[in-house]
Structures are given as structure tokens and as C-alpha cells.
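Q:
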Amino acid sequence: MGAILLLEQCLNGLQLGIMLFLMAAGLTLIFGVMGLINLAHGSLYMIGAFACAAVASWTGSFTLGLVASVVCAAAAGALIEIGVMRRLYQRDHLDQVLATFALILISSEAMRWLFGSYPLYLDVPEVFYGAINLFGVLQYSRYRLFIIVLGLLTALGIYLLINKTRIGMRIRAGAADRQMTAALGINISLIFTLVFALGAALAGFAGALVGSIQSVDIGMGEPVLILAFVVVVIGGIGSIRGALVGAIIVGMVDTLGRGYLPQLLQLILDPVFANTLGAALASIAIYLLMIMILIFKPKGLFPAYG
Amino acid sequence: MKKQLITSMLSAALCLAPQVEASPVKVGMITTLSGGGSGLGVDVRDGFMLAVNNANNSDLEVIIEDDGRKPSLAVQIADKMIQKDKVDILTGIIWSNLAMAVVPSSVNQGILYLSPNAGPSAFAGKNCNKNYFNVAWQNDNLHEAMGSYANGEGHNNSFILAPNYPAGKDALTGYKRFYQGQLSGELYTKLGQTDYAAEIAQIRASGADSVFFFLPGGMGISFMKQYSQAGMTIPLMGPAFSFDQGILQAVGKSALGVRNSSQWNKDLDNAANKTFVADFQSAYGRLPSLYASQGYDTANLILSAMQSTDINDKDAFRAAIKSAQFESVRGDFRFGNNQHPIQDIYVREVVMQGDVLTNKIIGVALKDHQDAYAADCAL
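Those protein sequences? They're chains C and B, same order as listed. The letter at position 99 of the first sequence is residue 99 when you use our numbering, and the numbering goes up by one with no holes. For any residue, its number in our numbering is found by taking its place in the second sequence, counting from 1, and adding 1000.
1) With distances taken from CA atoms, which of B:TYR1196, B:ILE1345, B:PRO1071, B:GLY1246 is nearest B:ALA1162?
2) Please tell me whether B:TYR1296 and B:PHE1048 are closer than 8 Å, where the distance is taken between their beta carbons.
3) Out of B:TYR1346, B:GLU1349, B:ASN1337, B:MET1352, which one is the CA nearest neighbour of B:ALA1375?
4) What alpha helix (DSSP H) runs, 4 residues minimum, are completely inside the segment 1188 to 1241 of chain B?
5) Report yes if the C-beta distance between C:GLU8 and C:LEU138 is below 8 Å; otherwise report no.
6) Identify the continuous alpha helix (DSSP H) that holds B:VAL1075 and give its terminal residues.
7) When the cut-off is 8 Å and only beta carbons count, does B:GLY1246 lie next to chain C?
8) Tell whether a beta-carbon distance below 8 Å holds between C:GLU222 and C:GLY42.
9) For B:GLN1353, which residues from the same chain have a beta carbon less than 6 Å from its beta carbon, with the 5 sequence-adjacent residues on both sides left out?
10) Does any residue of chain B have a CB that is nearer than 8 Å to the CB of C:ILE124?
11) To be precise: take each residue of the segment 267 to 287 of chain C, compare its Cβ to all Cβ atoms of chain B, and keep it if any distance is under 8 Å. Which residues remain?
12) Please return the same chain residues whose Cβ sits closer than 6 Å to the Cβ of C:ALA78, not counting the five positions on each side in sequence.
13) Work out the CA separation of C:ALA228 and B:MET1029 for me, nearest whole Å.
14) Can the beta-carbon of B:ILE1342 be found closer than 8 Å to that of B:GLN1325?
15) So if DSSP puts B:SER1115 in a beta bridge, which residue, or which two residues, is it bridged to?
16) So, with DSSP's three-state summary, where would you put C:PHE192?
17) Quick check: is the beta carbon of B:MET1001 nearer than 8 Å to any beta carbon in chain C?
18) Tell me which residues share the same chain as B:GLN1339 and place their Cβ nearer than 6 Å to its Cβ, disregarding the 5 neighbours each side in the sequence.
19) Note down, in chain order, every chain C residue with its Cβ under 9 Å from the Cβ of B:LYS1084.
20) Do B:GLY1068 and C:ASP123 count as a contact pair if the criterion is CB distance below 8 Å?
21) Mind pulling the chain C residues with CB within less than 7 Å of B:THR1233?
22) Please return the same chain residues whose Cβ sits closer than 8 Å to the Cβ of C:GLY219, not counting the five positions on each side in sequence.
23) What is the residue span of the alpha helix (DSSP H) that C:TYR143 lies within?
24) Please name the residue in B:ILE1111, B:ALA1305, B:GLN1076, B:GLU1327 whose C-alpha comes closest to that of B:ALA1319.
25) Pop quiz: C:PHE302 and C:ARG241 are said to be a contact at Cβ under 8 Å. What is the actual Cβ separation, rounded to whole angstroms?
26) Measure the C-alpha to C-alpha separation of B:LEU1010 and B:ILE1221 and round it to an integer number of angstroms.
27) Going by DSSP in three states, B:ALA1372 sits in which element: helix, strand or coil?
28) Thinking C-alpha only, which one of C:ILE4, C:ASP270, C:ALA208, C:ALA282 is nearest C:LEU135?
29) Can you look up C:LEU9 in the DSSP assignment and give me helix, strand or coil?
30) Which residue from B:ALA1118, B:GLY1174, B:ILE1247 puts its Cα closest to that of B:ASN1141?
31) Under a three-way DSSP split, which group does B:PRO1341 fall into?
32) What is the residue span of the beta strand (DSSP E) that C:ILE248 lies within?
33) Report the rounded CA-to-CA distance for B:GLY1285 versus B:THR1233, giving the unit in angstroms.
34) Output needed for B:ALA1316: all residues of its chain with C-beta closer than 6 Å, excluding positions within five of it in sequence on either side, in chain order.
35) Which of the three DSSP states is assigned to C:MET220 in this structure?
36) Just checking, does the segment 244 to 261 of chain C make contact with the segment 280 to 288 of chain C on the three C-beta pairs under 8 Å criterion?
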């Protein structure tokens, strides 16, 4: 039983990590390529979830909902980049934080205005209900398995896009040296809009996938945003590979910490105290991890492009 | 800042009826109308204003402001309402942490505070105050009811979980105060956590025969969806907060059959409740929630005191409030010595009526229940 539970918890950790990766990938790209701190990334996640919930309830199709989440979030991202962000590249980080924080408030109220104060209904399709038998011993949620597979495919897609295509090469060049890239005649502002929309689409996609197992609610993006920032910092700012590794580490540490810390502490401490301490430690485990990593690798695990 | 000023208009009919000249009563409502969790504040406001509009009493003036679920903002609004608007009564706060920030200084300035929701234990025991009334419940009550219900159902191996913050600890304490069986596990989760895969795996492995959870708002929606999607069938129990009319539709069929405790439900058979449910639906076009019922009762309590006494005689007004001479939508309602309710707490089951998920009362969990802190209160 113990080994099966451990295996299940590892899969849960992997699934959480994959979701965090989808959020962190966009954040790290925008951060790395444009040098922009985008606090509104969580709002794009929320927009994706709301779009998916609304379209899925109008049409009855979860697949259409997923498509809508990507399209709406990308459109919102492009709009934000052209309307607001462009004016902020030359300004310092504090101005960017202020402006994107305002965007959080604006988009939260916009969602409330459009969809009301109550959480929306979004459920996974019937096919994904229930558990699937893995390796003959483990009952695992079908939908979570679907998220893992879909997330890994997306990660592969991003890898190919960034490393194997011409546009990816330009994005990498933009991240390495913005002025030089522009001087070589590449339309850097188009690249910026594209990267921003891509990051937004990934966030929206993550929001829709997760929205169907969580609550589609105003302010749902902020807790995830914080985790995504931790992932970005651990992985190394601007590095997609770092985001993937960082996300899986954070997902694993968080899940296994919640699952096992209280029990482990009970071996050496009084049960009641161990429970309280375990719960408290589990909730700060990833931040402790981040501190440790920053002490030994101040630029993160995979510092990007010099 | 959104500010609404609602004054009941003098109607011609009222002018014709000669009445004793009474002093006007000014009520300040501080509640959460924007951002996460605003559904609760909107319901309290709508329930409250329904009673105010039905009463059509021109002596009652209500000022409403949005606290955005921020304690610092709530404190600012309270100061403004007390000093500038000169309110007599404050009400409306949803969250215990906001109430903790606003209530003590307000009641010490002689302002009456009537809580339509939050009931932290700090105000129920030895720090009770003659100016503080709770019209909803003391925080522990609904959890205690579920613990008592679990005994009756023959559950003796419960797995219990709640967020790691004061109200979460009150919840599990409340459950354990009445529950007599063993615990197969006790877990404190992160506040605001949205992924419960690790906890659900533990519940599956623990061999529990029942699960009690207190996860208000989005946390509960996430938990229930993931629980049923994982193919779990161990019966779930919880307080009404995760099964409220507003939230249920977002949970979907995952909530079907779940037992939960509440001091009110829309099918309670009394005249006041029937009027309330019908009026609420015609006024707002949706089913009322627990929170709306609490707002409605709070307004009617104030109106009842205004009929028999004058606000300027503070002692008489307090006594009138404490006597609770109003038709509560809950049926029997009275205040204990600590000015918290003594009331029946029911067990409800989530059912599908037509295509709307809602609750049905299936029994009484605790009759005439009073909170555990009343004895410590010197009032």
C-alpha cells in the first residue's frame, strides 16, 4: 500500500508540475525576452478558465471550450501588449509592477461584471470521469493523466518552436540581446507581441485545464502566479528548460511535502505537534527550496543565454 | 469607491397613517461586493435590502460600502461611517478576520454591531460585549452539528480536514467536540489551496468510513470536483458553506448526495420563510442562499426593535434587539446570554430539483443549540 500511495503521490506531483510549467513558460519567456514583470499573467489564466467555462456551457463541448480559452487568452494578451505594455519597456520594473497590478484589478472586475459574483460551472467531459487502472495496481484519475499527457505534448511543442524554427531563433536572439537583434533588421516589436500572446495563450490553456478540476472564480490566478514566479526563479529567468525542470521540482516538493511531512515528523515528535508543524512546513516547503537553490545557484538552475 | 445611498421613500399611504414620531435609525453596512468571495456579500446585502424595502419604513436609512475583503479597508470605512455619517448600527461583515478588525473598536464607541455572518469565538466567550449581537451563528456551531450527525449515522472512522487558519481550527475542534468515533486522519491544508490530489490519495489509503471537510469558497468547489473525479465514494460531510445555493451550481453533480449542516434552508416550513423565498426570487430572479437569509433576518431584527423603542434610548433598544421579537425565517430564534443565537441546526442533503442543484432538509442535527463559549460570557 505504501509504495502504491507513493507512486500515486509522485504522479500527482508531476501533474501539478506540468500545470505550473504551462504558467511559468509564458512568464519566463516574457520576463526573459522583454525584461518585463507581468503580474497580470494570473489574470490571463483566469480569462482562459472563464472563456472555457462560458463556451463549454453554451455549446456543451469541452473541446471547443479549450480552443476558446487559448484564443481568448492570446487575444487578451496581444491587446494588453499593444495597448499597455509597449509603453512600459523603457520604464523601470516598479512602473511595470504598478501597471500590471492595475490590470489584475481591472480584469477581475471585468469578469465579475460579465459573469457575476459566483464561481462558474465547468466540469471535465464524461470520458475523463473516474479512475483508470495503471500497472494493474494503481487507481489514478483519468483526467489528471490526460493533463499530464497534454502538458508534456505542449512542452514538446514549445521546445520545438523555440529551438527548431526560425521564429524561435528570433525569440532566442531577442532574449540574448534586444538591441543587436533589432539592429539586424528583425521586427522586434512584432516578436514582442507574438511572445506575449504565446505566453498568454499558454496561461489561458492552463487555466482552462485546471478550471475544470478547481473552481472558476474571480482571483483564481493569483495563487498560481506566485507559484509560477517561484518556478521561474528556481529554473532561471528566461529559460524554458529551467521552467520545465523547476515546475516539476516544485510540483513534486509541494505534493510530497503535503503528503508525507506530517507523517515523517511524527516519527520523532509528539503527533499533535508534528501535525501542526508538518502542515506549516509543507506550506512553506517550496519557498525553503527556493532559498536553498538561490544560495547555491543565484541565477537559478539553468541560467538563460549568458 | 462605490457608494450607494438608499433612502426609503415616503409613500402617500404612510403620510395618511398617523404615527408616533420616532428618531431615524442610520445603519452602515460594510460588506464584500467586489473581488473573490463577493457572492456572499452581495447575498447578505440583497437579503437585507429586501427586508428594508418590504418594510418601507422611512425612519430607516442604510448606507452600503464595499470592503473588498480587506481588513484595512473595512476599518477605514467603519471609522468614516461612525465619525462622518454618524451611524447608529453597523452590520454586514462576512469574514471573521475583518470582523476581528472592525468590531472591538466600534462597539467600544457605543455603536451597535449586528453580525449577519462571521461569528468568531473571540466575541462569544469572556470578551462578549453588550453592543455586539450575532444573528447568524457562532463559528463552531455548524461543525458541531455535523459531528453529532456522524454519531447518529454510525460513522466511527472519520477523516477530517480544514485549512490551516483560525476558523479552520475552530471547525475541526467543533466537529471533534461532538463526534465520538475515531479519526482515521486529521489534516490541515494550506489556505487558498486549489489542488487536493495529495489529500485525496491519503483519504483513499486511510480506510476512512466518512470524510468531514470545512473548505469555504473555491477551496470546497475544487475539493469536491477532484474527489468525485478521482472515483471516490466514501460519504462526504461538511457545513453549509460549501453547499450554498450560489456555489452548488459551480460544483455540479459532484455535490449530489452530500450531507451538510445549516440553520436554514429554503424548504423550512414557516410563513416568514415562504414569504422570504418567494419575494427574493421575484425581486432578484434567483434562489436565496443561506447568506441572504441571514441578511434578511438581520434587517427584520433591527426593524422589530425600531417598532417598540427609540434608538436614542440605547439600553431599551439593546433590550429590544436581545428579545428578538421578529419572525425569523429559521422559525424559532432567540438570543443566549452572550447575544449569539440559540437555534435548531438541520442536516441537509444536496439534491437535483429540475435542473437546479439545491438542498433538502433531512433531519435535525441539534435542537435548541447554544455555543460552547456562552458560559464564559459575563452578560
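For glycine and all other residues, C-beta sits at the position ideal for the given N, C-alpha and C.
A: The relevant details are as follows:
1) Closest in alpha carbon position to B:ALA1162, among B:TYR1196, B:ILE1345, B:PRO1071, B:GLY1246, is B:TYR1196.
2) Their beta carbons are under 8 Å apart, which means B:TYR1296 touches B:PHE1048 by this criterion.
3) The option with the nearest alpha carbon to B:ALA1375 is B:ASN1337.
4) Listed in chain order, they are 1197 to 1206, 1218 to 1229.
5) Yes, these two residues count as a Cβ contact at 8 Å.
6) Per DSSP, B:VAL1075 belongs to the alpha helix (DSSP H) from 1071 to 1083.
7) Output row for B:GLY1246: interface = yes.
8) Cβ distance < 8 Å, so C:GLU222 and C:GLY42 count as in contact.
9) Closer than 6 Å at Cβ, skipping near neighbours: no residue.
10) According to the sequence provided, residue 124 of chain C is Val. The question's Ile does not apply to it. Interface residue, yes.
11) Going along the segment 267 to 287 of chain C in chain order, one finds ASN275, THR276, ALA279, ALA280, ALA282, SER283 with a Cβ nearer than 8 Å to chain B.
12) Excluding sequence neighbours, C:ALA78 sits near THR193, ALA197.
13) Approximately 38 Å, taken between the alpha carbons.
14) No, the pair does not count as a contact, with Cβ atoms beyond the cut-off.
15) In DSSP, B:SER1115 forms a bridge with B:ASN1134.
16) Here C:PHE192 sits in helix by DSSP.
17) Only weak support is given to the placement of B:MET1001: the predicted model assigns it a pLDDT of 42, under 50, and the question is left unresolved by the model.
18) Beyond the five residues adjoining it in sequence on each side, B:GLN1339 comes within less than 6 Å, by CB distance, of PHE1133 in the same chain, given in chain order.
19) Residues of chain C whose Cβ lies closer than 9 Å to the Cβ of B:LYS1084 do not exist; the shortest such Cβ separation is about 26 Å.
20) The answer is no: Cβ separation not under 8 Å.
21) Result: empty, since nearest Cβ-Cβ is about 11 Å, beyond 7 Å.
22) The answer, listed in chain order, is MET46, SER108.
23) Where C:TYR143 is concerned, the enclosing alpha helix (DSSP H) stretches over 142 to 164.
24) The option with the nearest alpha carbon to B:ALA1319 is B:ALA1305.
25) Your pair C:PHE302 and C:ARG241 checks out as a contact, with CB atoms roughly 5 Å apart and the cut at 8 Å.
26) With a pLDDT of 39 at B:LEU1010, under the threshold of 50, the modelled position of this residue cannot be trusted, and the question is left open.
27) B:ALA1372: coil per DSSP, three-state reduction.
28) In the sequence on display, residue 135 of chain C carries Phe and not Leu. If you compare the alpha carbons of C:ILE4, C:ASP270, C:ALA208, C:ALA282 with that of C:PHE135, the shortest gap goes to C:ILE4.
29) Residue 9 of chain C is actually Gln in this sequence, not Leu. Three-state DSSP puts C:GLN9 in a helix.
30) When only C-alpha atoms are compared, the closest one is B:GLY1174.
31) Reduced to three states, the DSSP call for B:PRO1341 is strand.
32) Bounds of any beta strand (DSSP E) do not take in C:ILE248; it lies within the alpha helix (DSSP H) bounded by 240 to 266.
33) Answer to the nearest angstrom: the Cα atoms are 35 Å apart.
34) Sequence-distant partners of B:ALA1316 (beyond 5 residues in either direction) whose C-beta falls short of 6 Å from its own C-beta, in its chain, are THR1309.
35) Coil.
36) Result yes; three or more Cβ-Cβ pairs closer than 8 Å.
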